[in-house]
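**Student:** Every position in the sequence shown, counted from 1, becomes a number in my numbering once 541 is added. A virtual CB, placed ideally from N, CA and C, is assigned to each residue, including glycine. All figures in this text were calculated on a predicted structure; none of them were measured in a lab. Below is the structure I would like to discuss, written out as structure tokens.
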Amino acid sequence: MDKFVTRHRKRSAVETDEWKTEEPLKKYKEECEVEEEFSQPIPWQKIEAEGLDCDYSLLFDKEEADYFFNQLEEEVEYFTGDKAKLQVYGKTYSIPRKQATYGDEGLMYSFSGVQLLAKPWTSTLEHIRDAVTKATGHMFNFVLINR
Numbered sequence: 542m543d544k545f546v547t548r549h550r551k552r553s554a555v556e557t558d559e560w561k562t563e564e565p566l567k568k569y570k571e572e573c574e575v576e577e578e579f580s581q582p583i584p585w586q587k588i589e590a591e592g593l594d595c596d597y598s599l600l601f602d603k604e605e606a607d608y609f610f611n612q613l614e615e616e617v618e619y620f621t622g623d624k625a626k627l628q629v630y631g632k633t634y635s636i637p638r639k640q641a642t643y644g645d646e647g648l649m650y651s652f653s654g655v656q657l658l659a660k661p662w663t664s665t666l667e668h669i670r671d672a673v674t675k676a677t678g679h680m681f682n683f684v685l686i687n688r
């Protein structure tokens with residue numbers, strides 16, 4: 542199994558309890574200091590096969606990933622109603638997963654005749670986007686979330 546990349550020491554039980562009572566993302570950003578470079582070089586791995594050339598790495602340790610997952614579970618607003626349905630040959634079907642789109646103002650996601658306007662970035666999504674941008678050197682302006 543791959544090692545998780547860590548950028549800071551593990552938190553004590555007291556520090557972990559503080560996260561439950563303070564403004565979590567603000568505290569996380571202060572401790573993590575996203576604006577700085579990653580303290581360790583990020584170990585990229587490559588997967589290659591016919592028609593496939595993929596680089597990947599782990600940017601967050603398990604504790605960070607769990608924290609972000611829980612934050613997103615509370616923040617993400619999934620589409621409902623007509624936005625959660627599509628038409629195929631005149632017949633309407635419910636999309637078999639929850640979907641949400643977030644991104645820069647005015648961006649839209651289209652598929653199967655459905656057009657979904659991106660909602661403004663949440664603070665957690667901005668933080669993740671900025672970390673991925675810093676790690677990859679690529680700017681991101683949109684995310685499609687499937688659950």
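Between the Cα of Phe-683 and those of Thr-663, Cys-595 and Lys-675, spot the shortest distance and give me the residue it belongs to.
**Tutor:** Comparing Cα-Cα distances from Phe-683 to each of Thr-663, Cys-595 and Lys-675, the minimum goes to Thr-663.
**Student:** Would you check if there are 3 or more beta carbon pairs closer than 8 Å linking the region 583-595 to the region 645-654?
**Tutor:** No, they do not touch.
**Student:** Curious, which full-length alpha helix (DSSP H) runs of at least 4 residues does the region 623-686 contain?
**Tutor:** DSSP runs (the alpha helix (DSSP H)) wholly in the region 623-686: 664-677.
**Student:** What's the gap between the Cα of Val-629 and the Cα of Glu-618?
**Tutor:** Between Val-629 and Glu-618, the C-alpha separation is close to 25 Å.
**Student:** Nearest by alpha-carbon distance to Lys-660: which of Pro-584, Arg-638, Glu-616 and Phe-610 is it?
**Tutor:** The residue with the shortest Cα to Cα distance from Lys-660 is Glu-616.
**Student:** Would the beta-carbon of Tyr-634 fall within 7 Å of that of Leu-685?
**Tutor:** Contact flag unset, no.
**Student:** Please report how far the alpha carbon of Gly-654 lies from the alpha carbon of Phe-620, in whole angstroms.
**Tutor:** Roughly 15 Å between the two C-alpha positions.
**Student:** By alpha-carbon positions, which one of Arg-670, Lys-639 and Trp-585 ends up nearest to Gly-622?
**Tutor:** Of Arg-670, Lys-639 and Trp-585, the residue nearest in Cα terms is Lys-639.
**Student:** Here's the rule I'm using: 16 or more other beta-carbon atoms within 10 Å means buried, otherwise exposed. How should Glu-614 be labelled?
**Tutor:** So Glu-614 counts as exposed.
**Student:** How big is the Cα-Cα spacing for Ala-672 and Gly-631?
**Tutor:** When rounded, the distance between both Cα atoms is 43 Å.
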